[in-house]
Amino acid sequence: MSEDPQPHSRSGRSAPVSLRLRLHLDPGTATMNTSSPLRDCQAWKDAGLPLSTTSNEACKLFDATLTQYVTWTNDKSLGGIEGCLARLRAADPNFAMGHAISAGLRLIGTGSSRQLDKELDLAVKTMVDVSKAQALTQREQLHVSAVETFANGNFPKASALWEQILQDHPTDMLALKFSNSVYFHLGYQDQMRDSVARIYPFWSPDVPLSSYVKGIYSFGLMETNFYDRAEKLAKEALSITPTDAWSVHTMAHIHEMRAEVQQGLEFMQHSEAHWKDSDMLAGHNYWHWALFLIEKGDYEAALTIYDTHILPRLQASGTMLDVVDTCSMLYRLQMEGVSVGRRWQDVLPVTKKHTSDHVLLFKDVHCLMASLGARDAKTTQEMLTTLQEASKSPGENYQNLLARDVGLPLCQAMVEAEAGNPDRALELLLPIRYRIVQIGGSNAQRDVFNQIMIHAALNCTSSKHKNVARSLLMERDALKPNSPLTERLIRKATAAHLMQ
Ligand SMILES: [Fe+2]
Numbered sequence: 016m017s018e019d020p021q022p023h024s025r026s027g028r029s030a031p032v033s034l035r036l037r038l039h040l041d042p043g044t045a046t047m048n049t050s051s052p053l054r055d056c057q058a059w060k061d062a063g064l065p066l067s068t069t070s071n072e073a074c075k076l077f078d079a080t081l082t083q084y085v086t087w088t089n090d091k092s093l094g095g096i097e098g099c100l101a102r103l104r105a106a107d108p109n110f111a112m113g114h115a116i117s118a119g120l121r122l123i124g125t126g127s128s129r130q131l132d133k134e135l136d137l138a139v140k141t142m143v144d145v146s147k148a149q150a151l152t153q154r155e156q157l158h159v160s161a162v163e164t165f166a167n168g169n170f171p172k173a174s175a176l177w178e179q180i181l182q183d184h185p186t187d188m189l190a191l192k193f194s195n196s197v198y199f200h201l202g203y204q205d206q207m208r209d210s211v212a213r214i215y216p217f218w219s220p221d222v223p224l225s226s227y228v229k230g231i232y233s234f235g236l237m238e239t240n241f242y243d244r245a246e247k248l249a250k251e252a253l254s255i256t257p258t259d260a261w262s263v264h265t266m267a268h269i270h271e272m273r274a275e276v277q278q279g280l281e282f283m284q285h286s287e288a289h290w291k292d293s294d295m296l297a298g299h300n301y302w303h304w305a306l307f308l309i310e311k312g313d314y315e316a317a318l319t320i321y322d323t324h325i326l327p328r329l330q331a332s333g334t335m336l337d338v339v340d341t342c343s344m345l346y347r348l349q350m351e352g353v354s355v356g357r358r359w360q361d362v363l364p365v366t367k368k369h370t371s372d373h374v375l376l377f378k379d380v381h382c383l384m385a386s387l388g389a390r391d392a393k394t395t396q397e398m399l400t401t402l403q404e405a406s407k408s409p410g411e412n413y414q415n416l417l418a419r420d421v422g423l424p425l426c427q428a429m430v431e432a433e434a435g436n437p438d439r440a441l442e443l444l445l446p447i448r449y450r451i452v453q454i455g456g457s458n459a460q461r462d463v464f465n466q467i468m469i470h471a472a473l474n475c476t477s478s479k480h481k482n483v484a485r486s487l488l489m490e491r492d493a494l495k496p497n498s499p500l501t502e503r504l505i506r507k508a509t510a511a512h513l514m515q
């Protein structure tokens, strides 16, 4: 088996996905061209992934939805993912896998839950009812169970079900993508890598979307510090599909983790035309671009990217990723001593609505940054109180269980640091610092918590914490040498006589 899948091509030649979809699927009538590269009932069966529907249109719309998910790009000519899902439901209301991809995407993309979103709750119930009323394949039954389990908040069990699918069906892209997303939310970095390693050799060049698997694998390698192998794979993916925004994103992470500021900036600039139209990921790629500028100390340029590309996306869509990017960017700039003006006031109306959601701790802590930044004490208190209540909820919800041990101390530490109690903040952070990975996100995203801890240590007055800042900075410098941001922090510590 090849360890090196080549470009896939449904039509025998490589073309941008959006172009392929436009060429072969008439968005107005959903009339399928028989030469369509999108898979019909027979094509899915031939691929070993049969779908329980007799509607070729439903099969092709399922493929169109999956493709847009994998490419992080809504194809406007098709009405985007939402448009495809609406037409998919109309094509076959009893298509179980159509219900599974629809509910799963909504759960993953919005960071919402059955408890908060009645429409979503109904969608999950409909999926289960539809699946019980017919004879599905075992693979389809597992997909339905996994989405239902995920909707109930049991992320580890949901990922185990998707893994069960991949054992027998290694080219099931939906199982691969969903499991990868859940591993990301769980902070299961090794699993995120190994899950793809297990199935990677099966993705021969003729399997649709195979080049994107390189990018998915590359991200797992990067998050587990295999930077050279990750870079090789991401570059291979981009040589096949330059518009692969996820592989661009992995390259940005690699430059970030190596503190390759200039190379990172040049890479983002040179590749921008390829990824700026990937509407689901472009905002986050701009966030990575701004991270290089913060590292460099060019705060004005970082704020320009924030104002031009990051905040407008939050205000237009308000997705979980937009919330996280926006809050993290402003919080980092403030820690660097940058005045962000009244920018928190633009963010708060979006984040405030999610104060008592508590679906993902990773989202909670970023929403907390906004209420702290905007000095909205009432919302901050509401966040802490409702999170405490959620942590006591019975049941299998993984995030609620984690809230008690990790989420609450982290939130309380941020509140204490903002209130001018750095010693207390440090006392809360030090015992949980190696567990913060469990709230999910990437190493680059979670670095904001490392920085919060270092700043708390720099401001400590207690003698028992006098060497903590030095220790944290020495380990940071060892892990990521030549970081201008670390060098600035070391200079600050030296000036405060915390380092020799
Ligand atoms: Fe990222």
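In the numbering used here, the protein residues as written are 16 to 515.
Every residue gets a Cβ at the ideal spot worked out from N, C-alpha and C, and that includes glycine.
Because the structure is a prediction, the values reported are computed rather than measured.
Proximity test, residue i beta-carbon vs ligand 1 heavy atom, cut-off 6 Å
i	result
ALA343	The sequence as given places Ser at residue 343; Ala does not occur at that position. No, ligand 1 has no heavy atom inside 6 Å of this Cβ.
Cβ-Cβ distance between residue i and residue j below 7 Å
i	j	result
ASN497	ALA274	yes
MET335	TRP87	no
LEU122	PHE77	no
ALA305	ALA317	yes
ARG208	GLY235	yes
ASN530	ALA405	The displayed coordinates of the chain run from 16 to 515. Any statement about residue 530 would go beyond what the structure contains.
GLY422	PHE199	no
TRP290	ALA260	yes
THR80	CYS99	yes
MET344	TYR321	yes
GLU271	ALA459	yes
VAL430	HIS381	no
VAL362	THR341	yes
ILE325	TYR301	yes
TRP59	PRO52	no
ILE469	LEU443	no
ALA115	MET142	yes
SER262	ALA249	yes
THR256	SER233	no
CYS475	LEU504	no
ASP107	SER67	no
GLU178	VAL139	no
VAL463	ALA472	no
TYR227	VAL85	yes
Classification of residue i by the beta-carbon crowding that lies within 10 angstroms, buried from 16 upward
i	result
ARG390	exposed
ALA432	buried
LYS481	exposed
SER286	buried
ARG506	exposed
LYS407	exposed
GLU281	exposed
ASP221	exposed
HIS512	exposed
PRO446	exposed
TYR449	exposed
ASP187	buried
ALA101	exposed
ASN240	exposed
ARG328	buried
GLU537	An answer regarding residue 537 cannot be provided, because it is not within the stretch 16 to 515 covered by the chain.
LYS393	exposed
PRO409	exposed
PRO499	exposed
ASP19	Only weak support is given to the placement of ASP19: the predicted model assigns it a pLDDT of 34, under 50, and the question is left unresolved by the model.
Residue i CB to nearest heavy atom of ligand 2 below 6 Å
i	result
ASP243	This structure simply doesn't include ligand 2; it includes ligand 1 instead.
* Asked: What does the shell around ligand 1 hold, if a residue joins when its beta-carbon is under 6 Å from any heavy atom?
  -> HIS264, HIS268, HIS299, HIS303, SER457 and ALA459
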